[in-house]
Ligand code: NI
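Numbering (my numbering), first residue to last: 18 to 179.
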């Protein structure tokens, strides 16, 4: 395992659409391990493969609910409710902004064994799923911010970022 360099806003790769994963390979398995390591190192709760420079539809999420979610080729199939709150992104360091997201989502994806499964999330998990699925489409949260993008206060730096 190794950490990978997180691409930051301005890097064109973050605006590109990721391609589906067709089969699990040792290379993809290693990428997923590296994504978790990178995400934990950077205190993030979610990471998309494009953020480490790989244009594949792979997302890792850990919102501290005891699970390490891997979503391969994810597709959000249900959304309901609404939540408005601060969001951040490892690719937009030092910034935060208010984004409205659904409060409940259901996503269909493949796991690391390439088996289909469904994951339902509320609150932070729902927010993370939406944020990371947007990355796979080349979309950053900064385009959805209500009001101004703000600098993160030093005392809030522990806040999780996606
Ligand atoms: Ni992000």
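Using N, Cα and C, we set each Cβ at its ideal position, and we do this for glycine too.
Model, not experiment: these values are computed from the prediction.
- Beta-bridge annotation (DSSP): residue 121 is paired with 97, 139.
- Taking every protein chain shown into account, the CB of residue 79 has 16 or more other CB atoms within 10 angstroms, so this residue is buried.
- In this structure, DSSP gives residue 37 a state outside helix and strand, which the three-state scheme calls coil.
- For residue 67, the distance from the CB to the nearest heavy atom of the ligand NI is not below 7 angstroms.
- Remark: the C-beta of residue 121 is outside contact range of the ligand NI, defined as less than 7 angstroms to any heavy atom.
- By alpha-carbon distance to residue 169, the top candidate from 106, 152, 139 is 106.
- The beta carbons of residue 90 and residue 38 sit about 6 angstroms from each other, so the pair counts as a contact at 8 angstroms.
- The ligand NI never approaches residue 72 closely enough for any of its heavy atoms to be under 7 angstroms from the residue's Cβ.
- Burial is judged here by how many other beta carbons sit within 10 angstroms of a residue's own beta carbon; residue 33 has fewer than 16 and is exposed.
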